Amino acid sequence: MTRPASEEPGWDFPTSPVPGAADRKGTEEDETKHRGPEEADQPPSMSSHEAAPPAPPRRNPCCLCWCCCCSCSWNEERRRAWRASRESRPQPLPSCEVCATSSPEEVQSWAQSFDKLMRSPAGRGAFRAFLRTEYSEENMLFWLACEELKAEADRHAVDEKARLIYEDYVSILSPKEVSLDSRVREGINKKMQEPSAHTFDDAQLQIYTLMHRDSYPRFLTSPAYRALLLQGGSPSSTEA
1 MTRPASEEPG
11 WDFPTSPVPG
21 AADRKGTEED
31 ETKHRGPEEA
41 DQPPSMSSHE
51 AAPPAPPRRN
61 PCCLCWCCCC
71 SCSWNEERRR
81 AWRASRESRP
91 QPLPSCEVCA
101 TSSPEEVQSW
111 AQSFDKLMRS
121 PAGRGAFRAF
131 LRTEYSEENM
141 LFWLACEELK
151 AEADRHAVDE
161 KARLIYEDYV
171 SILSPKEVSL
181 DSRVREGINK
191 KMQEPSAHTF
201 DDAQLQIYTL
211 MHRDSYPRFL
221 TSPAYRALLL
231 QGGSPSSTEA
(Lines of atoms letter the chains of each structure in order from A and count residues from 1; the text may use other names and numbers.)
(Lines give C-alpha, C1' and ligand atoms only; values in the text may rest on other atoms or scores of the structure.)
Protein backbone atom coordinates (compact mmCIF):
# COMPACT_ATOMS: atom_id res chain seq x y z
CA MET A 1 0.00 0.00 0.00
CA THR A 2 1.31 3.44 -0.86
CA ARG A 3 2.05 5.77 1.98
CA PRO A 4 0.79 9.31 1.91
CA ALA A 5 3.34 11.87 0.81
CA SER A 6 3.26 13.44 4.20
CA GLU A 7 4.47 10.18 5.66
CA GLU A 8 7.53 9.77 3.42
CA PRO A 9 10.60 9.64 5.66
CA GLY A 10 13.25 12.43 5.36
CA TRP A 11 11.03 14.87 3.42
CA ASP A 12 9.73 17.06 6.20
CA PHE A 13 9.98 20.70 4.91
CA PRO A 14 8.84 23.62 6.98
CA THR A 15 5.68 25.08 5.60
CA SER A 16 6.03 28.43 7.38
CA PRO A 17 7.73 31.24 5.36
CA VAL A 18 11.28 32.35 6.12
CA PRO A 19 11.24 35.32 8.50
CA GLY A 20 11.75 38.62 6.69
CA ALA A 21 11.59 37.11 3.19
CA ALA A 22 8.26 38.67 2.40
CA ASP A 23 9.44 42.04 3.66
CA ARG A 24 12.56 41.96 1.51
CA LYS A 25 10.58 40.93 -1.53
CA GLY A 26 8.13 43.72 -0.98
CA THR A 27 10.91 46.24 -0.59
CA GLU A 28 12.58 45.11 -3.85
CA GLU A 29 9.27 45.35 -5.70
CA ASP A 30 8.68 48.84 -4.33
CA GLU A 31 12.17 49.97 -5.40
CA THR A 32 11.59 48.52 -8.88
CA LYS A 33 8.36 50.46 -9.20
CA HIS A 34 10.00 53.71 -8.13
CA ARG A 35 13.04 53.27 -10.37
CA GLY A 36 11.07 52.45 -13.49
CA PRO A 37 11.79 49.78 -16.08
CA GLU A 38 14.92 51.44 -17.52
CA GLU A 39 16.68 51.94 -14.20
CA ALA A 40 15.63 48.55 -12.97
CA ASP A 41 17.44 46.83 -15.84
CA GLN A 42 20.73 48.63 -15.09
CA PRO A 43 23.38 46.78 -13.07
CA PRO A 44 23.94 47.89 -9.49
CA SER A 45 26.36 50.75 -8.95
CA MET A 46 29.95 49.93 -8.11
CA SER A 47 31.32 50.41 -4.65
CA SER A 48 33.89 53.08 -3.82
CA HIS A 49 36.67 50.52 -4.27
CA GLU A 50 35.40 49.67 -7.78
CA ALA A 51 34.83 53.25 -8.90
CA ALA A 52 35.85 54.10 -12.46
CA PRO A 53 39.13 56.03 -12.85
CA PRO A 54 38.75 59.81 -13.16
CA ALA A 55 38.58 61.28 -16.63
CA PRO A 56 41.81 62.87 -17.90
CA PRO A 57 41.98 66.68 -17.60
CA ARG A 58 40.68 68.61 -20.55
CA ARG A 59 43.32 70.09 -22.81
CA ASN A 60 43.59 73.82 -22.79
CA PRO A 61 42.53 74.92 -26.30
CA CYS A 62 45.19 77.63 -26.17
CA CYS A 63 47.87 74.93 -26.38
CA LEU A 64 46.62 73.61 -29.72
CA CYS A 65 48.27 76.38 -31.69
CA TRP A 66 51.05 78.94 -31.31
CA CYS A 67 50.66 82.67 -31.45
CA CYS A 68 52.71 85.59 -30.19
CA CYS A 69 50.37 86.20 -27.24
CA CYS A 70 50.03 82.58 -26.13
CA SER A 71 51.86 82.33 -22.83
CA CYS A 72 51.35 78.56 -22.62
CA SER A 73 52.96 77.81 -25.98
CA TRP A 74 55.72 75.24 -25.73
CA ASN A 75 57.72 77.05 -28.36
CA GLU A 76 57.54 80.30 -26.42
CA GLU A 77 58.55 78.62 -23.16
CA ARG A 78 61.59 77.15 -24.88
CA ARG A 79 62.44 80.53 -26.39
CA ARG A 80 62.17 82.25 -23.00
CA ALA A 81 64.47 79.67 -21.43
CA TRP A 82 66.98 80.20 -24.24
CA ARG A 83 66.86 83.98 -23.79
CA ALA A 84 67.24 83.64 -20.04
CA SER A 85 70.39 81.57 -20.51
CA ARG A 86 71.79 84.27 -22.82
CA GLU A 87 70.92 87.03 -20.38
CA SER A 88 72.75 85.26 -17.57
CA ARG A 89 76.03 85.67 -19.47
CA PRO A 90 77.27 89.19 -20.22
CA GLN A 91 77.97 89.63 -23.92
CA PRO A 92 81.55 90.64 -24.69
CA LEU A 93 82.42 93.75 -26.59
CA PRO A 94 83.28 93.35 -30.29
CA SER A 95 86.98 92.82 -30.85
CA CYS A 96 87.30 96.09 -32.79
CA GLU A 97 86.03 98.01 -29.76
CA VAL A 98 88.00 96.05 -27.18
CA CYS A 99 91.27 96.59 -29.03
CA ALA A 100 90.58 100.21 -29.95
CA THR A 101 92.87 102.75 -28.36
CA SER A 102 92.27 106.43 -28.02
CA SER A 103 94.43 109.43 -27.31
CA PRO A 104 93.65 111.87 -24.51
CA GLU A 105 92.46 114.33 -27.16
CA GLU A 106 89.99 111.82 -28.55
CA VAL A 107 88.64 110.98 -25.10
CA GLN A 108 88.14 114.69 -24.48
CA SER A 109 86.30 115.05 -27.80
CA TRP A 110 83.63 112.63 -26.59
CA ALA A 111 82.40 115.37 -24.28
CA GLN A 112 81.97 117.77 -27.22
CA SER A 113 79.12 115.86 -28.84
CA PHE A 114 77.35 112.55 -28.64
CA ASP A 115 77.90 112.06 -32.35
CA LYS A 116 81.69 112.10 -31.87
CA LEU A 117 81.37 109.53 -29.11
CA MET A 118 79.27 107.20 -31.27
CA ARG A 119 81.58 107.56 -34.27
CA SER A 120 84.55 106.33 -32.22
CA PRO A 121 84.88 102.55 -31.73
CA ALA A 122 86.66 103.21 -28.44
CA GLY A 123 83.95 105.69 -27.46
CA ARG A 124 81.19 103.18 -28.21
CA GLY A 125 83.03 100.60 -26.12
CA ALA A 126 83.33 102.95 -23.16
CA PHE A 127 79.72 104.09 -23.44
CA ARG A 128 78.45 100.54 -23.76
CA ALA A 129 80.35 99.52 -20.63
CA PHE A 130 78.69 102.43 -18.83
CA LEU A 131 75.22 101.44 -20.09
CA ARG A 132 75.80 97.95 -18.75
CA THR A 133 76.19 99.39 -15.24
CA GLU A 134 72.82 101.13 -15.70
CA TYR A 135 71.15 97.96 -17.04
CA SER A 136 70.37 99.63 -20.36
CA GLU A 137 72.98 98.00 -22.57
CA GLU A 138 70.20 96.79 -24.87
CA ASN A 139 69.93 100.32 -26.30
CA MET A 140 73.48 100.20 -27.64
CA LEU A 141 73.07 96.58 -28.76
CA PHE A 142 69.95 97.52 -30.71
CA TRP A 143 71.66 100.50 -32.33
CA LEU A 144 74.65 98.37 -33.36
CA ALA A 145 72.36 95.64 -34.74
CA CYS A 146 70.57 98.22 -36.88
CA GLU A 147 73.89 99.48 -38.22
CA GLU A 148 74.86 95.94 -39.13
CA LEU A 149 71.50 95.39 -40.83
CA LYS A 150 71.89 98.52 -42.97
CA ALA A 151 75.28 97.29 -44.15
CA GLU A 152 73.84 93.92 -45.27
CA ALA A 153 73.27 93.41 -49.01
CA ASP A 154 72.09 89.80 -49.16
CA ARG A 155 68.29 89.57 -49.24
CA HIS A 156 68.01 86.37 -47.23
CA ALA A 157 70.45 87.68 -44.63
CA VAL A 158 68.41 90.88 -44.34
CA ASP A 159 65.23 88.90 -43.65
CA GLU A 160 66.93 86.77 -41.01
CA LYS A 161 68.67 89.67 -39.26
CA ALA A 162 65.49 91.75 -39.27
CA ARG A 163 63.57 88.89 -37.67
CA LEU A 164 66.24 88.48 -34.99
CA ILE A 165 66.30 92.21 -34.25
CA TYR A 166 62.53 92.21 -33.88
CA GLU A 167 62.53 89.22 -31.54
CA ASP A 168 65.46 90.48 -29.47
CA TYR A 169 64.63 94.18 -29.09
CA VAL A 170 61.09 94.98 -30.30
CA SER A 171 58.95 92.06 -29.16
CA ILE A 172 57.17 92.62 -25.84
CA LEU A 173 58.18 89.07 -24.86
CA SER A 174 61.89 89.85 -25.02
CA PRO A 175 63.80 90.64 -21.80
CA LYS A 176 65.88 93.09 -23.90
CA GLU A 177 62.94 95.05 -25.28
CA VAL A 178 63.85 98.67 -26.00
CA SER A 179 61.53 101.58 -25.26
CA LEU A 180 59.65 102.61 -28.42
CA ASP A 181 56.46 104.62 -28.79
CA SER A 182 53.31 103.16 -30.34
CA ARG A 183 53.73 105.00 -33.65
CA VAL A 184 57.17 103.53 -34.26
CA ARG A 185 56.02 100.06 -33.21
CA GLU A 186 53.08 100.14 -35.61
CA GLY A 187 55.40 101.19 -38.42
CA ILE A 188 57.78 98.32 -37.67
CA ASN A 189 54.94 95.79 -37.60
CA LYS A 190 53.85 96.88 -41.07
CA LYS A 191 57.38 96.87 -42.47
CA MET A 192 58.09 93.39 -41.06
CA GLN A 193 55.71 91.94 -43.66
CA GLU A 194 58.48 92.66 -46.16
CA PRO A 195 61.63 93.45 -44.15
CA SER A 196 64.37 95.61 -45.61
CA ALA A 197 67.69 97.00 -44.45
CA HIS A 198 65.86 100.16 -43.30
CA THR A 199 62.98 98.55 -41.42
CA PHE A 200 64.21 99.89 -38.07
CA ASP A 201 65.47 103.33 -39.11
CA ASP A 202 62.83 105.24 -37.13
CA ALA A 203 63.34 103.03 -34.09
CA GLN A 204 67.11 103.39 -34.29
CA LEU A 205 66.81 107.17 -34.37
CA GLN A 206 64.47 107.12 -31.38
CA ILE A 207 66.87 105.00 -29.31
CA TYR A 208 69.80 107.16 -30.41
CA THR A 209 67.94 110.24 -29.18
CA LEU A 210 67.09 108.49 -25.92
CA MET A 211 70.73 107.63 -25.24
CA HIS A 212 71.80 111.15 -26.18
CA ARG A 213 69.36 112.89 -23.85
CA ASP A 214 69.23 110.42 -20.99
CA SER A 215 72.41 108.34 -20.64
CA TYR A 216 75.04 110.50 -22.31
CA PRO A 217 75.01 113.34 -19.71
CA ARG A 218 75.41 110.84 -16.89
CA PHE A 219 78.26 109.14 -18.74
CA LEU A 220 80.20 112.42 -18.92
CA THR A 221 80.00 112.82 -15.14
CA SER A 222 80.64 109.16 -14.33
CA PRO A 223 83.78 107.90 -12.55
CA ALA A 224 84.50 105.67 -15.56
CA TYR A 225 84.78 108.61 -17.96
CA ARG A 226 86.79 110.68 -15.51
CA ALA A 227 89.20 107.77 -15.15
CA LEU A 228 89.60 107.64 -18.94
CA LEU A 229 90.40 111.36 -19.00
CA LEU A 230 93.14 110.83 -16.43
CA GLN A 231 94.55 107.69 -18.04
CA GLY A 232 94.14 108.65 -21.68
CA GLY A 233 93.82 104.96 -22.42
CA SER A 234 91.35 102.71 -24.18
CA PRO A 235 87.98 101.72 -22.75
CA SER A 236 89.20 98.14 -22.62
CA SER A 237 91.16 99.02 -19.50
CA THR A 238 87.87 99.54 -17.67
CA GLU A 239 86.44 96.18 -18.70
CA ALA A 240 86.60 93.32 -16.23
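Using the UniProt record's numbering, you'd call the opening residue of the sequence shown number 1 and step up by one each time.
Note that the Cβ used here is the ideal one computed from N, Cα and C, for glycine as well.
Owing to the predicted nature of the structure, the values given are computational and were not obtained by experimental measurement.
Taking the straight line between their C-alpha atoms, what separation do you get for Glu189 and Pro104?
One point to set straight first is that residue 189 is Asn, not Glu, in the sequence displayed. Straight-line Cα distance between these residues: approximately 44 Å.
Does DSSP put Phe200 in a helix, a strand or coil?
coil
Determine the direct distance from the alpha carbon of Arg218 to that of Gly187, and round the result to whole angstroms.
31 Å
With the cut-off set at 8 Å, would you say Val178 and Asn139 are in Cβ contact?
yes
Simplified DSSP state of Lys161, which is helix, strand or coil:
helix
So the alpha helix (DSSP H) Gln108 belongs to, where does it begin and stop?
Pro104 to Ser109
On the three-state DSSP scale, how would you describe Ser215?
helix
Based on Cα-Cα distance, which residue from Leu230, Met211, Gln231 and Asp154 lies nearest to Asp115?
Met211
Answer yes or no: do Trp143 and Gly123 have a C-beta to C-beta separation smaller than 8 Å?
no
Of all the options Ser174, Ala162, Leu180 and Arg155, which has the alpha carbon lying nearest to the alpha carbon of Ala145?
Ala162
Given Asp154 as reference, the closest of Gln204, Ser196, Arg185 and Tyr135 once Cα atoms are compared
Ser196
Rounded C-alpha distance that separates Asp159 from Phe127
29 Å
Distance, Ile172 Cα to Met192 Cα:
15 Å
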